[in-house]
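A.B. asks: Residue numbers (my numbering): 297 to 1172.
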């Protein structure tokens, strides 16, 4: 009998679980060598047309046994259900602490048998490396190769990682590698292979939260930066509601009539909307920087640079910049160096990136509220996986205060009470500013706390802070979902704590030089090894962390001093056992206090984000609780119906320090969140519909580019381009009624093909269309043969190099110019709605014409350049 209840969606998997269990006993009797050989047996079965579904029970039994031998853990039945859901190309909604990392490995192993590659995609590099190290231990028992793609790897290392059976990677690295591959000019620079199957960890974060932000590879644009400073100064002279209005729901700003006049007077120009002297985008960006983008909320200042803070995770996004001049406007506002505006060279949204996979799946603790969007856009069904143990968390009613200050006072007092009784408490804030405000209040109350937000000094200790948030007396302030992916274990996490202590011990020993020369030599060698891999930006703690991680997990492949390895492993074992004992005892104390208490300080725009915060409590059947403290001045309440509640409080003469606790109020908050979710779904849907147009064009261009890059004989492509160009011009020629126009078309073709036909022009005009076409085709081939013969005599193989160079150069250049035109079209197409026209249909029509023009331009330019190329040989 199973120790959980199946729901309707998972009940069908019951028979599969029974089959897996039948194979378990036989698999457990295999030696390590025989277990490894099972993988090759499965590969042979695939070659014999056996399906993965048929192999699944045996493969899952093997993976389960490998996990047992590597980690001394036995998979729950619910984890096998989750793995089956992933294999079927669906989303597994599994609660925090249910072991999603292992679930992904089980499904990935089965799909890796086809040797077409499996990508496990995570939201940050820390999680990718952590899961990679864990999977390496397990998959070593199954003879399956595993790779990891990191930020500072070179092309060779990336190529090796992508060609492993299973590859761990972050969503951003995956996207940028895809774009870079489609900008490469040599086949040897390609690192990725065909996208086969992807498992996305925290799938809602990547496919929903980040869907509105495209990945962009850009280069410097020749645009003056002076206008940003002027616009910033001008914005400071403009008054809200008089010169401009803000739509907080749409997060947009519009100038009023008075504002337009004021701007024209300030800039001493007659027309603010003059297309030859554009000012409006600069002014609107300056106003957005002033009103909508707040320091320590949307961004931080680090090393005199504006660094974006991810609005969903609270993490800083190094290297990312807002586009369309917004980042420069914020730099001007903050008086830091304004960096050159960039031009888009290549871009793609996560929506279209992940739709490139033959099969896609994902896992998260919260996806049900967005299941319609996941189904409509990605054709992904959300399956709720039962928990192994019953969820015992109590979600307490929201408390709503009249003023924001009263709310923060109440939160601080609540933290003080929890600290005194020893109950571990996690407080989720929406931005850096508010997390530090609460920290100041707690300091005044003499409450010890850990602060985790986007500030660099805190990020370095992210996993450490979150991992120990379940200890007695711990008060942890975390921005949004920072630390997501790290379990909060009641009483403390002995594995992370023992590693932290060990790293600190080694750091102190190195600092004090109280360590053998071999010890220092080995540490230094490893440091040098890391530097050689171009991971220079990592801090000392990260390098040592990786060093210990590899030693502890027996993944350190370089030959090292045996006594050193034994010394560290022995020390780690002793620390681990010590902390296991201490934390087990502490867990019982924490459970008696009611488990982890999660406090939300503001309702988010999405119920899903709130549920993620709540989900940190009640791990694996533990008891726990959650509560949201709100105020009428919170953004969500203020924008969506806070006035009615405020009027009610005024009528009832409710004191600022007394909160409202009401089921009706909670219901109205849920309704407000649904409205916001619906709005952003419409935004993402519209983005998808518009981006689908350029995505089809992108695929056509990238496929053509790939064909050229992988071709060893590009002559046929050049001749094909030439014939297509002749056909395009002759189609126009056919419709010309004027003789002079027809003569111009003939002259145009002759100039393009670089040959003279003045004496035979009259004869050509007398030919029918098929004869003219054949005549020019023949001239094209003759001219090209002569050019090829000439260049081959000068330098063998040169013509092939020139062909590929001109083809790729012109495709890339034309595509970049096309992206600029498409951006301008997208910005202006909305005005068509005022003429009773559907902007999307108009956009599709205009985009199609632009694309045809681009393709025609590429073909004509390539032919023109090839047939006029000259080789200059320098003779010393």
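Yeah, the Cβ is synthetic: ideal placement off N, Cα and C, and Gly gets one too.
What do you reckon, are the CB atoms on residue 540 and residue 475 nearer than 8 Å?
C.D. replies: No, these two residues do not count as a Cβ contact at 8 Å.
A.B. asks: Would residue 1093 be called buried (16 or more neighbouring beta carbons within 10 Å of its own) or exposed?
C.D. replies: The residue is exposed, with fewer than 16 neighbouring Cβ atoms inside 10 Å.
A.B. asks: Once you ignore the five residues that flank residue 621 on each side, which residues in its own chain have a CB closer than 8 Å to its CB?
C.D. replies: Within the same chain, residue 621 has close Cβ partners 524, 577, 578, 581 and 637.
A.B. asks: Cα-Cα, which of 767, 648 and 898 is closest to residue 731?
C.D. replies: It is 898.
A.B. asks: Could you check which residue in 714, 544 and 893 has the C-alpha nearest to that of residue 930?
C.D. replies: Closest option to residue 930, Cα to Cα, is 544.
A.B. asks: Check the DSSP bridge columns for residue 724 and list the partner residues they point to.
C.D. replies: Partner(s): 774 and 896.
A.B. asks: Take residue 834 and list the residues in its own chain whose beta-carbon comes closer than 6 Å to its own, dropping the five residues that flank it on each side.
C.D. replies: At residue 834 the pLDDT is 30, less than 50, meaning the model places this residue with poor confidence; the figure from the coordinates comes in the next sentence. Taken in chain order, the list of residues that qualify is empty.
A.B. asks: Count the CB pairs spanning the stretch 672–687 and the stretch 916–924 that are closer than 8 Å, and state whether there are at least three.
C.D. replies: Taking 8 Å as the limit for Cβ pairs, the verdict is that the stretch 916–924 does touch the stretch 672–687.
A.B. asks: Which residues bound the alpha helix (DSSP H) around residue 426?
C.D. replies: Where residue 426 is concerned, the enclosing alpha helix (DSSP H) stretches over 421–435.
A.B. asks: For a test of the three-state rule: what should DSSP assign to residue 1118, helix, strand or coil?
C.D. replies: In this structure, residue 1118 counts as helix in the three-state DSSP scheme.
A.B. asks: Give every residue of the same chain whose Cβ lies closer than 7 Å to the Cβ of residue 494, excluding the five residues on either side of it in the sequence, and list them in chain order.
C.D. replies: 415, 417, 650, 653 and 656.
A.B. asks: On the three-state DSSP scale, how would you describe residue 837?
C.D. replies: Confidence in residue 837 is poor, its pLDDT being 35 and thus under 50, which makes the residue's placement unreliable; the coordinate value appears in the next sentence. The answer is helix: DSSP assigns residue 837 an H, G or I state.
A.B. asks: Smallest Cα separation from residue 527: which of 1115, 746, 883 and 585?
C.D. replies: Closest by alpha carbon: 585.
A.B. asks: What residues match up with residue 920 in a beta bridge as DSSP calls it?
C.D. replies: Its beta-bridge partners are 689 and 892.
A.B. asks: What number of angstroms, rounded off, separates the C-alpha of residue 771 from the C-alpha of residue 745?
C.D. replies: About 5 Å.
A.B. asks: Alpha carbon to alpha carbon, what distance is there between residue 345 and residue 658?
C.D. replies: The straight-line gap from Cα to Cα measures roughly 27 Å.
A.B. asks: Smallest Cα separation from residue 664: which of 522, 973, 333 and 558?
C.D. replies: For residue 664, the nearest C-alpha among the options comes from 973.
A.B. asks: Quick check: the Cα distance between residue 407 and residue 348, rounded to an integer number of angstroms?
C.D. replies: In a straight line, the C-alpha of residue 407 is about 7 Å away from that of residue 348.
A.B. asks: Would you kindly work out how many angstroms separate the C-alpha atoms of residue 786 and residue 762, rounded to a whole number?
C.D. replies: Each residue's Cα considered, the two are about 11 Å apart.
A.B. asks: In chain order, what residues of the same chain have a beta carbon less than 6 Å from the beta carbon of residue 334, not counting five sequence neighbours either side?
C.D. replies: So the qualifying residues of the chain are 358.
A.B. asks: By Cβ distance, which residues of its chain are closer than 7 Å to residue 880, with the 5 residues on each side in sequence left out?
C.D. replies: Answer for residue 880: 787, listed in chain order.
A.B. asks: Hey, could you find the ends of the beta strand (DSSP E) residue 597 is sitting in?
C.D. replies: That run of the beta strand (DSSP E) goes 595–598.
A.B. asks: So, are the CB atoms of residue 423 and residue 646 less than 8 Å apart?
C.D. replies: No, the Cβ-Cβ distance between residue 423 and residue 646 is not below 8 Å.
A.B. asks: What did DSSP end up calling residue 441 once you bin it into helix, strand or coil?
C.D. replies: Coil.
A.B. asks: Please go through the same chain and pick out, in chain order, the residues whose beta-carbon is closer than 6 Å to the beta-carbon of residue 431, but skip the five residues on each side of it.
C.D. replies: Taken in chain order, the residues that qualify are 401 and 442.
A.B. asks: Should residue 1114 go down as buried or exposed, given a rule of 16 or more other Cβ atoms within 10 Å for buried?
C.D. replies: Classification for residue 1114: buried.
A.B. asks: By the DSSP assignment, the beta strand (DSSP E) with residue 657 in it spans what residues?
C.D. replies: From DSSP, the beta strand (DSSP E) with residue 657 extends over 655–660.
A.B. asks: For residue 746, name the three-state secondary structure that DSSP assigns.
C.D. replies: Note: residue 746 maps to strand in three-state DSSP.
A.B. asks: So, helix, strand or coil for residue 479, using DSSP?
C.D. replies: Three-state result, residue 479: coil.
A.B. asks: Should the stretch 734–749 be regarded as contacting the stretch 900–915, the criterion being three or more beta carbon pairs within less than 8 Å?
C.D. replies: The stretch 734–749 vs the stretch 900–915: no contact.
A.B. asks: Could you give the DSSP three-state label for residue 1087: helix, strand or coil?
C.D. replies: Correct three-state label for residue 1087: helix.
A.B. asks: Would you report the Cα separation of residue 695 and residue 793, rounded to the nearest angstrom?
C.D. replies: One C-alpha to the other measures close to 35 Å.
A.B. asks: In angstroms, rounded to a whole number, what distance separates the CA positions of residue 340 and residue 317?
C.D. replies: Each residue's alpha carbon lies about 23 Å from the other.
A.B. asks: Here's the rule I'm using: 16 or more other beta-carbon atoms within 10 Å means buried, otherwise exposed. How should residue 789 be labelled?
C.D. replies: It counts as buried.
A.B. asks: One question on the structure: do residue 338 and residue 434 come within less than 8 Å of each other, judged by their Cβ atoms?
C.D. replies: No.
A.B. asks: To which residues of the same chain is residue 532 closer than 8 Å at the C-beta, ignoring the five residues directly before and after it?
C.D. replies: Only 586 meet the Cβ criterion.
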